[in-house]
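**Student:** Be aware that the sequence shown starts at 13, since it is given in our numbering, and climbs by one per residue.
Beta carbons are placed, not taken as given, at the ideal position from N, Cα and C, and that holds for glycine.
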Amino acid sequence: MVNQVYQDMASAIETLVLLMDNEGLWPSTNSTDAEPSETALRSQVPFALDTMEFESWLAYVFIPKMRHILSAQMPIPSMSITPAAEQYFTLASQAILDQLKTIDGISSKANLN
């Protein structure tokens, strides 16, 4: 069961990356958009909203952190990203919001006692 949750989360994360990329919301290595500074990445504000756009937080903070957690088989944290995405990720399509709901749901499943 635990391995299935990790597989489901890994698949959901990669699907989110594909959706963002397909919609032009994934940072391009060819663009003039630079990666956030170390200062921006150390933001203490939820979702680093004071230093970057929500999609940048997903790309540079959330997704790398989740990939690390999954590869190290660390406990999947409880999360609820969708409400923030609905408020701050104004460019997100319904498909991206639905994918974030899926990720939230897998997190909830992983944290059932």
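Would you call the segment 94-108 and the segment 47-57 in contact, with 3 or more CB pairs under 8 Å?
**Tutor:** No, they do not touch.
**Student:** Using a threshold of 9 Å, state whether the C-beta atoms of Val17 and Ile115 are closer than that.
**Tutor:** Against a cut-off of 9 Å, the Cβ pair of Ile115 and Val17 comes out as no contact.
**Student:** Quick one: what does DSSP say Ala24 is sitting in, helix, strand or coil?
**Tutor:** Helix.
**Student:** With 16 other CB atoms within 10 Å as the buried threshold, where does Glu67 fall?
**Tutor:** When all chains shown are included, Glu67 counts as buried.
**Student:** Considering Cα atoms alone, identify which of Pro39, Thr63, Ile118 is closest to Ile93.
**Tutor:** That would be Ile118, whose Cα lies nearest to the Cα of Ile93.
**Student:** For Glu98 and Leu109, what's the separation of their Cα atoms in angstroms?
**Tutor:** Going from the Cα of Glu98 to the Cα of Leu109 covers about 7 Å.
**Student:** So, helix, strand or coil for Arg79, using DSSP?
**Tutor:** In this structure, Arg79 counts as helix in the three-state DSSP scheme.
**Student:** Compare the Cα-Cα distances from Ala107 to each of Val29, Gln85, Trp69 and report the closest residue.
**Tutor:** Taking only the C-alpha atoms, the option nearest Ala107 is Val29.
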